[in-house]
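Below is one structure; the comments refer to it alone.
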Amino acid sequence: MTKNKFFVIATVMTILVLVIGVNFANAASLASKLKGRILLQVESKGEAWYIYPGNFKKYYLGKPADALDVMKKLGLGAKHETIIKYTVFPKGLWGKILLDVDDMGKAYYIYPVNGKGYYLGKPADALEVMRTLGLGITNANLATITSSDAAAPEVSVAPADSSTDTVELIKSKYSCAVCKSNEKCVAGKCTAIALEHKNVCGNFVCEEGESYDGKVAKSVGGTQCALDCSAPCTGEYCNSYAQIECACDEYDALAERHGCIASAKKCGNCGAMEKLFDSVLTIQTDVIKCLSDYFQYKPARVLYKVFYNPGEPCQSKSGCKGNEGGAAGPDYIMFPTINGFHQYGQILPIKASEVTADVHETTHYFLYQMLHGIPSWFHEAIAIQTNERLNCVSSQQSWGDYYLYEKEKGIGGINMADGNYLTYDYYRKLKKGQVSLSSKEKEDHYLTGTIFVMGLKDDYKCGFNCVKDIVIKLREKEQTNCMFGIGENCSVVNYGTTWGMFWLGNGDKEGGELAANKLIKATVEEVVGKSVEPLFDLLNIKY
Ligand SMILES: [Zn+2]
1052 MTKNKFFVIA TVMTILVLVI GVNFANAASL ASKLKGRILL QVESKGEAWY
1102 IYPGNFKKYY LGKPADALDV MKKLGLGAKH ETIIKYTVFP KGLWGKILLD
1152 VDDMGKAYYI YPVNGKGYYL GKPADALEVM RTLGLGITNA NLATITSSDA
1202 AAPEVSVAPA DSSTDTVELI KSKYSCAVCK SNEKCVAGKC TAIALEHKNV
1252 CGNFVCEEGE SYDGKVAKSV GGTQCALDCS APCTGEYCNS YAQIECACDE
1302 YDALAERHGC IASAKKCGNC GAMEKLFDSV LTIQTDVIKC LSDYFQYKPA
1352 RVLYKVFYNP GEPCQSKSGC KGNEGGAAGP DYIMFPTING FHQYGQILPI
1402 KASEVTADVH ETTHYFLYQM LHGIPSWFHE AIAIQTNERL NCVSSQQSWG
1452 DYYLYEKEKG IGGINMADGN YLTYDYYRKL KKGQVSLSSK EKEDHYLTGT
1502 IFVMGLKDDY KCGFNCVKDI VIKLREKEQT NCMFGIGENC SVVNYGTTWG
1552 MFWLGNGDKE GGELAANKLI KATVEEVVGK SVEPLFDLLN IKY
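When the letters of the sequence shown are read in order and numbered with the numbering used here, they come out as residues 1052 to 1594.
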């Protein structure tokens, strides 16, 4: 049996390239702009509405007492120390309601304009916050935002789904914020861990003799350590989080690694597209900060290599959604072309406001850096759930991820071979044997990952916070395995002249993917507190 190795240098890349040209919904964009805001109907009696950032729908707040109830229902549990820690909260929490789980569920509204928290206290306090921080809106504009009321008409191509919003979810145990690379979060505190073997690529610390120059390697070879070390800034679109660079001069090396480039024309330069690199840098920097807050991990500088590979001009008068996705590895993220909205007749975004954020591929990069070699289905599970559930910046696609159907009706929940949409109802039918996956669907990492995430939420109360805990726990294990160097269980391997990655928790041994699945299963069970065998078996994930 051939060993499965995915090299740092010539790695198996996770690829998601979707080019979709459909009409852009203005209503969705207004709702996404106003997410987390409290709106006051100025042309009526000043009725208050709240745009819930989780689904971009409006919730009627009614009387002050009702308002507090509604807001609490939509709140997220948070530890007291988290609530008192911030003056300005992390971007991912802007517009949300936090409930202090250690103090009788006291509610705080994180005002999305300045990121500060406002105590909602008694109904009268809630009223005061609504009046002070609320934003006036016309009836016409308000009408374009979908209502949370089930009776309200909804634009929907997918069947109505039984909501999982009411599932009470497991609260996160982690509250360390970002620790240094040679520390781990122990009981809420960043605690130094002793590195038994220094100068090892993959022990999470960039040490003497390790470096990474940021260039795409043509093939396996070289001794660079992209796992621990940041590449230096080589261009003007660079900061301590990210660099955006035109990758035309690396065409040959890129084409060797990515099929989607190999079929494209060679480019000499990025032309007019380069004018937008500044906004790409701003957006992706915010995404990286937001992902760092979520995963409590700051990776080496993320290199975004943008290639010039535009598709057909947009044929729709109201514009096209354009691209989403690219490819990610442990050393860089590649976009075939800049991601964003295209105006009629345009092949690319032309204005800064049209550029859209990437969360999916950037999550893959985080996972490579945090966990080294994890199976593709798990890679996609985490990238898809993060893209769907983590609201980092307003320039994110409002519908979240195409696969997971939670955020917005209309888009999300893909069409299955049997004509059904992938919804929570579909998942429940799958469990009962009322529907089944085709053989092709069974092999699809995106589907396996998505259904895994749905199953965790529906049957194990394991949502956004719990998924994060699974990743953080896995990282702790990998960190422990690798602090002793590249011994038995660290999934980094030195192939003589090349640093590569091996399956998580397995070292350079046979049966790597099964062992990685087994470790993931055990970790999920630690977090959710019961066996997840039925879910693994349903999805045919071997362990
Ligand atoms: Zn992916």
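All residues carry an ideal CB built from backbone N, CA and C; glycine is no exception.
Item: Nearest by alpha-carbon distance to Cys1280: which of Val1357, Cys1297, Glu1261 and Phe1346 is it?; Value: Glu1261
Item: Could you give the DSSP three-state label for Val1575: helix, strand or coil?; Value: helix
Item: Smallest Cα separation from Lys1086: which of Gly1097, Asn1106 and Glu1098?; Value: Asn1106
Item: Would you mind reading off the limits of the beta strand (DSSP E) that contains Thr1242?; Value: Lys1240 to Ala1243
Item: Would you be able to state if there are at least three C-beta pairs under 8 Å between the segment 1214-1233 and the segment 1343-1359?; Value: yes
Item: CB-CB under 8 Å to Asp1337, same chain, minus the five flanking residues each way: which ones, in chain order?; Value: Lys1142, Ala1408, Cys1443 and Val1444
Item: For Ile1521 and Gly1097, what's the separation of their Cα atoms in angstroms?; Value: 44 Å
Item: Using a 10 Å radius around the Cβ and a threshold of 16 neighbouring Cβ atoms, would you call Gly1580 buried or exposed?; Value: exposed
Item: Determine, using beta carbons only, whether Gly1172 and Val1139 come nearer to each other than 9 Å.; Value: no
Item: Are Tyr1454 and Glu1431 touching if we call contact CB-CB under 9 Å?; Value: yes
Item: With a threshold of 8 Å (Cβ to nearest heavy atom), would His1411 be considered close to ligand 1?; Value: yes
Item: With Tyr1263 and Ala1277 assumed to form a contact (beta carbons below 8 Å), what rounded beta-carbon distance in angstroms separates them?; Value: 4 Å
Item: Could you check whether Ala1315 and Pro1364 sit closer than 9 Å to each other, using their CB atoms as the reference points?; Value: no
Item: Going by alpha carbons, who is nearest to Lys1572 out of Asp1469, Asn1540 and Phe1429?; Value: Phe1429
Item: So, with DSSP's three-state summary, where would you put Asn1545?; Value: strand
Item: Among Val1121, Ser1095 and Leu1586, which residue has its Cα nearest to the Cα of Ala1194?; Value: Ser1095
Item: Compare the beta carbon distance of Ile1089 and Ala1099 with 9 Å and say whether it is the shorter of the two.; Value: yes
Item: What first and last residue would you give for the beta strand (DSSP E) that runs through Lys1108?; Value: Lys1108 to Tyr1111
Item: Rank Tyr1456, Ile1425, Ile1523 and Gly1322 by C-alpha distance to the C-alpha of Thr1501 and give the top, closest one.; Value: Tyr1456
Item: Apply the 10 Å Cβ neighbour rule to Glu1412 and answer buried if 16 or more other Cβ atoms are within range, or exposed otherwise.; Value: buried
Item: With a cut-off of 8 Å, do at least 3 Cβ pairs link the segment 1175-1187 to the segment 1365-1383?; Value: no
Item: Can you name the start and end residues of the beta strand (DSSP E) that Ile1221 belongs to?; Value: Element bounds for Ile1221: n/a, residue is neither H nor E.
Item: Grab me the residues of Gln1275's own chain with a C-beta within less than 7 Å of its C-beta, minus the 5 sequence neighbours each way, in chain order.; Value: Ser1262, Tyr1263 and Asp1264
Item: Tell me whether Glu1258 sits in a helix, a strand or coil according to DSSP, three-state version.; Value: coil
Item: Beta strand (DSSP E) containing Phe1515: first to last residue?; Value: That residue, Phe1515, is in no beta strand (DSSP E); its alpha helix (DSSP H) goes Phe1515 to Met1534.
Item: What residues in its chain sit with their C-beta under 7 Å from that of Trp1145, if we drop five residues either side in the sequence?; Value: Gly1087, Ile1161, Pro1163 and Gly1166
Item: How many Å lie between Leu1570 and Tyr1511 at the Cα?; Value: 18 Å
Item: DSSP three-state label for Val1073, please.; Value: Caution is warranted here: a pLDDT of 27 is assigned to Val1073, below 50, making its placement in the model unreliable, and the coordinate value is therefore given only provisionally. Three-state result, Val1073: coil.
Item: Can you tell me whether Ser1207 is buried or exposed? The criterion is at least 16 other CB atoms within 10 Å of its CB, across all chains shown.; Value: Confidence is the limiting factor: at Ser1207 the pLDDT is only 31, short of 50, which leaves the residue's position unreliable, though a coordinate-based value still follows. Flag for Ser1207 reads exposed.
Item: Have a look at His1415, Leu1305, Gln1448 and Leu1418 and flag the residue whose alpha-carbon is nearest the alpha-carbon of Lys1372.; Value: Gln1448
Item: Counting beta carbon pairs with one atom in the segment 1282-1298 and one in the segment 1353-1360, are three or more of them shorter than 8 Å?; Value: yes
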